[in-house]
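> The structure under discussion is supplied below as structure tokens; questions concerning it will follow.
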Amino acid sequence: MEQSLTTWLLPVIALFVGAAIGFLIARVLPNAAPNKMQRQVDDLQDRFDSYQREVVTHFNTTASLVKKLTQSYQDVQEHLSESAERLALDEQTKQRLLAALHAENAYPERRERLTPPAAGEAPKDYAPKSGEGPGTLDETYGLKRKL
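Going by full-length UniProt numbering, the first residue of the sequence shown is number 1, and it counts up by one from there.
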């Protein structure tokens, strides 16, 4: 009888010990995973916030530098105007220097404004057709005919 009791008692005890260990593991591990996930989310949020602050700082610095550049350009223009007035030998030279400094168009080569084609005129990107032969955009252009 004693052997029968040991035969049944050891598996039952092992079952209870296994259930207790499983219960403890089930309570500890699920809490660890959300904590790890929450730490990852918090880390990503911190990195994103840091990136946003860096972008704002970048654009503020860029705006400040462009403002300084504009002011420096205006200072140079003013200096050149004053120097032209003060240092020009005659009135005609002074007027030419001032006109060159204050010219609205700093680039003498103006680009021609594009205009739409007149009614009935083919757009400029079409290849012209010469004579009776096929035009350069024809499917058979450049192909030899079989006799």
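Glycine included, each C-beta is placed from N, C-alpha and C at the ideal position.
1. Span of the alpha helix (DSSP H) holding residue 101?
2. With H, G and I counted as helix, E and B as strand and the rest as coil, what does DSSP make of residue 145?
3. Can you tell which of 88, 81, 86 has its C-alpha closest to the C-alpha of residue 103?
4. Taking Cβ to Cβ, would you say residue 88 is nearer than 8 Å to residue 101?
5. To the nearest angstrom, how far is the alpha carbon of residue 53 from that of residue 79?
6. Starting from the C-beta of residue 85, find all residues in its chain whose C-beta is less than 8 Å away, skip the five residues before and the five after it, and write them out in chain order.
7. So, for residue 141: in the same chain, excluding its five sequence neighbours on each side, which residues have a beta-carbon less than 6 Å away from its beta-carbon?
Looking at the coordinates:
1. 91-101
2. coil
3. 81
4. no
5. 39 Å
6. 94, 98
7. 134
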